Amino acid sequence: MSALEFIDQQVKSNDVVLFMKGTPQFPQCGFSGQVVQILDYLGVPYKGVNVLDSDELRQGIKTYSNWPTIPQLYVKGEFVGGCDIIREMFQAGELQSSLKEKGITLRAPAQA
Amino acid sequence: MAMDAREIERLIKESIPDAEVEIRDLAGDGDHYAATVIAESFRGKSRVQQHQMVYAALKGSMGGALHALALQTATPQGR
């Protein structure tokens, strides 16, 4: 299976998938870490894919979405954005409503 | 490899002529910038498409010569 096929399979078989540097437990880049924090804060169930696992994956994800940076968040097969967009959407409350619209059930969010 | 803020602004305006560009050098190292780009051309486009237009203007520098550009885009009235 090529890297692009693997990416496509991950995007289509997971409701929420984050391509990132490192893992949700140990992000290896500040931008990836920020998105992990937001998703965890909201209680979004998601799968993390570590692009540092292979060069093909790291380059492939940029080709797949025509997007030059990592992290990249996909919801129900659709590319939602990178760190800046996710943060902006989160701060505006749009990320929460968009996830609900797409039928993603949030776990009990962290208490503020 | 670093990139000059004026060069970033020039590239963006070259490909999005109606863009209002504001760039801040976050760390003073010529490598970590934040840019706000406001353009009428963005109207009707999703955030992802707006960012893609800016990335395209930077002709592959993003993720290469330009390590970190925090990007915020908007249409003029959307401020």
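Residue numbers (the numbering used here), protein chains in the order written: chain A, 1 to 112; chain B, 1001 to 1079.
Beta carbons: idealized from backbone N, C-alpha and C, even for Gly.
Quick caveat: nothing in here was measured; it's all calculated off a predicted structure.
Q. Is B:Q1049 closer than 8 Å to A:N66 when the C-beta atoms are compared?
A. As a first step, residue 66 of chain A is located in the first sequence; it is residue number 66 there, counting from the start. As a first step, residue 1049 of chain B is located in the second sequence; it is residue number 49 there, counting from the start. The answer is no: Cβ separation not under 8 Å.
Q) the region 1047-1070 of chain B: which residues have C-beta closer than 7 Å to a C-beta of chain A, in chain order? A) For the region 1047-1070 of chain B, which is checked against every Cβ of chain A, the residues closer than 7 Å are R1047, V1048, H1051, Q1052, Y1055, M1062, G1063, A1070.
Q | Cβ shell of B:R1079 (< 8 Å), same chain only, five flanking positions each side left out | A | On the second sequence, position 79 is the one that residue 1079 of chain B refers to. At B:R1079, the pLDDT of 48 sits below 50, so the modelled position is not reliable; the number obtained from the coordinates is stated separately. Taken in chain order, the residues that qualify are I1038.
(Q) Quick check on A:S97: buried or exposed, where buried means 16 or more other Cβ atoms within 10 Å of its Cβ? (A) The residue you call residue 97 of chain A lines up with position 97 of the first sequence. By the Cβ neighbour-count rule, A:S97 is exposed, with fewer than 16 other Cβ atoms within 10 Å of its own.
Q) Which residue comes first and which comes last in the beta strand (DSSP E) that contains A:Y41? A) Position 41 of the first sequence holds residue 41 of chain A. Counting along the chain, A:Y41 sits inside no beta strand (DSSP E); it lies in the alpha helix (DSSP H) bounded by residues 30-42.
Q) Which of helix, strand or coil does DSSP assign to B:F985? A) Lying before the first or after the last residue shown, residue 985 of chain B is absent from chain B, which here runs from 1001 to 1079.
Q. What did DSSP end up calling A:R107 once you bin it into helix, strand or coil?
A. Translated into positions along the first sequence, residue 107 of chain A becomes position 107. For A:R107, the secondary structure class from DSSP, reduced to helix, strand or coil, is coil.
Q: Go ahead and pull the three-state DSSP assignment for A:T23.
A: Counting from one through the first sequence, the residue named residue 23 of chain A turns up at place 23. It is coil, neither helix nor strand.
Q.
Across the region 1-9 of chain A and the region 57-74 of chain A, are there enough close Cβ pairs to call them in contact, namely three or more that are closer than 8 Å?
A. Contact holds: three or more Cβ-Cβ distances are below 8 Å.
Q) Touching or not, the region 45-56 of chain A and the region 76-84 of chain A, by the rule of three or more beta carbon pairs under 8 Å? A) Result no; under three Cβ-Cβ pairs closer than 8 Å.
Q. Based on the DSSP secondary-structure assignment, which residues constitute the bridge partners of B:D1025?
A. Position 25 of the second sequence, counted from the start, is the residue given in the question as residue 1025 of chain B. DSSP lists B:Y1033 as partners of B:D1025.
(Q) Per DSSP, what are the beta-bridge partners of A:Y74 in this structure? (A) Stepping through the first sequence from its first residue, residue 74 of chain A is reached at position 74. BP columns for A:Y74 point to A:V17, A:F79.
Q: Please work out which residues of its chain come closer than 6 Å, Cβ to Cβ, to B:H1067, disregarding the five sequence neighbours upstream and downstream, and give them in chain order.
A: Within the second sequence, numbered from 1, the residue matching residue 1067 of chain B stands at position 67. Excluding the 5 residues flanking it on each side, B:H1067 has same chain C-beta neighbours closer than 6 Å at D1031, in chain order.
Q) Where does B:R1024 land, buried or exposed, given buried means 16+ other C-beta within 10 angstroms? A) Here the question's residue 1024 of chain B lines up with position 24 in the second sequence. In the assembly as shown, B:R1024 is an exposed residue. Its beta-carbon has fewer than 16 other beta-carbons within 10 Å.
Q: State whether the region 1054-1070 of chain B contacts the region 99-106 of chain A, with contact taken as three or more CB pairs (one from each stretch) at a distance under 8 Å.
A: Result no; under three Cβ-Cβ pairs closer than 8 Å.
Q. With 8 Å set as the bound, which would you pick, yes or no: does the beta-carbon of A:G60 sit closer than that to a beta-carbon of chain B?
A. Within the first sequence, the letter at position 60 stands for residue 60 of chain A. A:G60 does not count as touching chain B.
Q) By Cβ distance, which residues of its chain are closer than 7 Å to A:C29, with the 5 residues on each side in sequence left out? A) Within the first sequence, numbered from 1, the residue matching residue 29 of chain A stands at position 29. Leaving aside the five residues that flank A:C29 on each side, the residues in its chain whose CB is nearer than 7 Å to its CB run, in chain order, K21, G22.
(Q) For a test of the three-state rule: what should DSSP assign to B:R1079, helix, strand or coil? (A) Taking the second sequence and counting its residues from 1, one reaches residue 1079 of chain B at position 79. For B:R1079, the pLDDT reaches just 48, beneath the cut-off of 50, and the residue's location in the model is therefore unreliable, leaving the point undetermined.
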